[in-house]
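Undergrad:
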Amino acid sequence: MDRPARRPPRPRRRRLRLLAGAVVLLACIALVGVMLLEARSLRVNRVTFRSADLPPAFDGLRVAFVSDIHYGSFVSRRRVRATVDRVNALHPDLIVLGGDYIYRKQSASDIEFVFDELARLRAPLGVYGVLGNHDHALLEVNVAPVMAAAGVKELYDDGVWLRRDGSRLRLSGLSGVAEDRQTVAQALDDATAEDFVLLVDHSPDVAESLGGAPVDLLLAGHTHGGQVTAFGLWAPFVPSRYGQKYRVGLVTDGPVPVFVTTGVGTIVLPLRFFARPEVVLLTLRRG
Ligand SMILES: [Fe+2]
């Protein structure tokens, strides 16, 4: 008759359980370490966008796009300075800022600290910026003069015509306050479907209301690429009414093409996972 298998003595099972617990704990610590390191990194994301509307004079135009700096709790002034140095080293033709310069309103001077650094940005065609939802909380400080003093032209439901060799390119920005056709029309001026129009809004959601508008590319931030994601495939929290659709990168299945950057800073926690902080170097190509 077979005798039942002997169970391991209790101390041995306890040791195995302790070992398993230690492995899980170490894995968690390592994971948090990886997420902390990722949040402190900064890459240059080089993107090429092609359009038949781009005038030959602007073929090869290099646009640096920087969003969601979130100076404050988790982003030091040193990191803002390093970001500016990184952008200037790319020697872009044009620099566009996507808003959310601060995190929380710790003091009225926060926005001034950021723009003291951003004032060093250099591009022959200029530096332009829109406001983000975190900046709107500071409107009583009146951000526009701070931006202007730093040499950054604020695009508040407004835009500029950039001109080269008799051709024109429209750069417009939205305030994000109202998503209506009249605001967009005001920002686009007399742009037609034949013009190349680059529109900037802090949030990508406005794309869904741009059907029929002569916008060739919308630049946006706000989502942080999900900030903490499941290996870049899905994120549990995306601040968008359209779920994962506008989480990150080039989105071409909406009313207009949209490029969504992961941005530079973080909110809530200084952590990122498979949503690396970035500055974008966008090269526009004709064709
Ligand atoms: Fe943000």
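Okay, so the sequence shown: first residue is 8 according to the numbering used here, each after it adds one. Every residue, glycine too, gets a C-beta built ideally from N, C-alpha and C.
1) In the structure shown, what three-state DSSP assignment does Val81 receive?
2) Which full runs of the beta strand (DSSP E) of 3+ residues lie inside the segment 143–186, going along the chain?
3) Kindly confirm or deny that the segment 62–71 and the segment 26–43 touch, where touching means at least three C-beta pairs closer than 8 Å.
4) Between which two residues does the beta strand (DSSP E) harbouring Ala291 extend?
5) Given this structure, state the Cα-to-Cα distance separating Gly256 from Thr269, to the nearest angstrom.
6) Shortest alpha-carbon distance to Glu124 belongs to which of His141, Leu33, Arg93, Leu97?
7) Would you check whether ligand 1 has a heavy atom nearer than 7 Å to the C-beta of Asp75?
8) Check Val54 in the structure and name its three-state DSSP category.
9) Could you tell me how far apart the beta carbons of Gly183 and Asp208 are, in whole angstroms, since I believe they sit closer than 8 Å?
10) At a cut-off of 7 Å, is His141 close to ligand 1 when judged by its beta-carbon and the heavy atoms of the ligand?
11) Report the partner residues of Leu101 according to the DSSP bridge assignment.
12) For Arg171, which option in Gly261, Asp100, Lys112 has the closest C-alpha, if you only look at C-alpha atoms?
13) To the nearest angstrom, how far is the alpha carbon of Arg57 from that of Val31?
14) According to DSSP, which residues form a beta bridge with Leu226?
15) Nearest by alpha-carbon distance to Val153: which of Glu119, Leu195, Val245, Gly272 is it?
16) In whole angstroms, what is the alpha-carbon distance linking Asp212 and Arg127?
17) Can you name the start and end residues of the beta strand (DSSP E) that Val258 belongs to?
18) Excluding five sequence neighbours on each side, which residues of the same chain lie with their C-beta closer than 7 Å to the C-beta of Thr55?
19) May I ask you to list the residues that DSSP assigns as paired with Val134?
20) Please name the residue, chosen from Leu181, Pro284, Val204, that lies closest to Arg47 on a Cα-to-Cα basis.
21) Would you decide whether Gln234 is buried or exposed? Buried here means 16 or more other CB atoms lie within 10 Å of its CB.
22) Which same chain residues, not among the five before or five after Arg129, have their C-beta less than 6 Å away from its C-beta?
23) Check whether the segment 193–201 touches the segment 69–80, counting contact only when three or more Cβ pairs, one atom from each stretch, lie closer than 8 Å.
24) Return yes when at least one heavy atom of ligand 3 lies under 7 Å from the C-beta of Gly136, else no.
25) Quick one: is His229 buried, meaning 16 or more other Cβ sit within 10 Å of its Cβ, or exposed?
26) Distance, Cα to Cα, Val287 vs Arg17?
27) Within its chain, find whatever has a CB closer than 7 Å to the CB of Gly232; leave out the 5 residues flanking it on each side and keep chain order.
28) Could you tell me if Arg177 is buried or exposed, where buried requires 16 or more neighbouring beta carbons within 10 angstroms of its beta carbon?
29) For Val213, report the span of its alpha helix (DSSP H) as first-last.
TA: According to the structure data:
1) The residue given as residue 81 occupies position 74 in the sequence shown. The sequence given here has Phe at residue 81, not Val. DSSP places Phe81 in coil when its eight states are reduced to three.
2) 159–161, 165–171, 174–180
3) no
4) Within the sequence shown, the letter at position 284 stands for residue 291. The amino acid at residue 291 is misidentified as Ala; the sequence shows Leu. Its beta strand (DSSP E) spans residues 285–293.
5) Here residue 256 corresponds to residue number 249 of the sequence shown, with the count starting at 1. Here residue 269 corresponds to residue number 262 of the sequence shown, with the count starting at 1. Taking the CA atoms as reference points, Gly256 sits about 8 Å from Thr269.
6) The count along the sequence shown starts at 1 and reaches residue 124 at position 117. The shortest C-alpha separation from Glu124 is found at Arg93.
7) Here residue 75 corresponds to residue number 68 of the sequence shown, with the count starting at 1. Checking the Cβ of Asp75 against ligand 1 gives yes.
8) For the purposes of this step, residue 54 is taken as the residue at position 47 of the sequence shown. Strand at Val54.
9) As a first step, residue 183 must be located in the sequence shown, where it is residue number 176. As a first step, residue 208 must be located in the sequence shown, where it is residue number 201. With a Cβ gap of about 6 Å, Gly183 and Asp208 count as contacting.
10) What you label residue 141 is simply residue 134 of the sequence shown in a count that begins at 1. True, at least one ligand heavy atom lies under 7 Å from that Cβ.
11) Against the sequence shown, residue 101 aligns to sequence position 94. DSSP lists Val70 as partners of Leu101.
12) Residue mapping note: residue 171 aligns to position 164 of the sequence shown, counting from 1. Closest option to Arg171, Cα to Cα, is Asp100.
13) As a first step, residue 57 must be located in the sequence shown, where it is residue number 50. As a first step, residue 31 must be located in the sequence shown, where it is residue number 24. When rounded, the distance between both Cα atoms is 47 Å.
14) Translated into positions along the sequence shown, residue 226 becomes position 219. Answer by DSSP bridge pairing, in chain order: Val207, Phe266.
15) Mapped onto the sequence shown, residue 153 falls at position 146. The candidate whose alpha carbon is nearest that of Val153 is Glu119.
16) For the purposes of this step, residue 212 is taken as residue 205 along the sequence shown, with counting starting at 1. For the purposes of this step, residue 127 is taken as residue 120 along the sequence shown, with counting starting at 1. The straight-line gap from Cα to Cα measures roughly 31 Å.
17) Here residue 258 refers to the residue found at position 251 when the sequence shown is read from its first residue. Looking at the DSSP string, the run of the beta strand (DSSP E) that includes Val258 is 256–258.
18) Looking up residue 55 in the sequence shown gives position 48. Hits under 7 Å: Thr290, Arg292.
19) Counted from its first residue, the sequence shown places residue 134 at position 127. DSSP, once it has assigned bridges, lists Ile102, Val159 as partnering Val134.
20) Counting from one through the sequence shown, the residue named residue 47 turns up at place 40. The candidate whose alpha carbon is nearest that of Arg47 is Pro284.
21) Residue mapping note: residue 234 aligns to position 227 of the sequence shown, counting from 1. Residue burial is scored here from C-beta neighbours: Gln234 has at least 16 other C-beta atoms within 10 angstroms and is therefore classed as buried.
22) In the sequence shown, the residue the question calls residue 129 occupies position 122. The residues are Asn95.
23) No, the segment 193–201 is not in contact with the segment 69–80.
24) Of the ligands this structure carries, namely ligand 1, none is ligand 3.
25) If you number the sequence shown from 1, residue 229 lands on position 222. Buried: at least 16 other Cβ atoms inside 10 Å.
26) Counting from 1 along the sequence shown, the entry for residue 287 is found at position 280. Counting from 1 along the sequence shown, the entry for residue 17 is found at position 10. Approximately 58 Å, taken between the alpha carbons.
27) The residue given as residue 232 occupies position 225 in the sequence shown. These residues qualify, in order along the chain: Arg254, Val255, Thr269, Ala282.
28) Stepping through the sequence shown from its first residue, residue 177 is reached at position 170. Result: buried.
29) In the sequence shown, counting from the first residue as 1, residue 213 sits at position 206. Element bounds for Val213: n/a, residue is neither H nor E.
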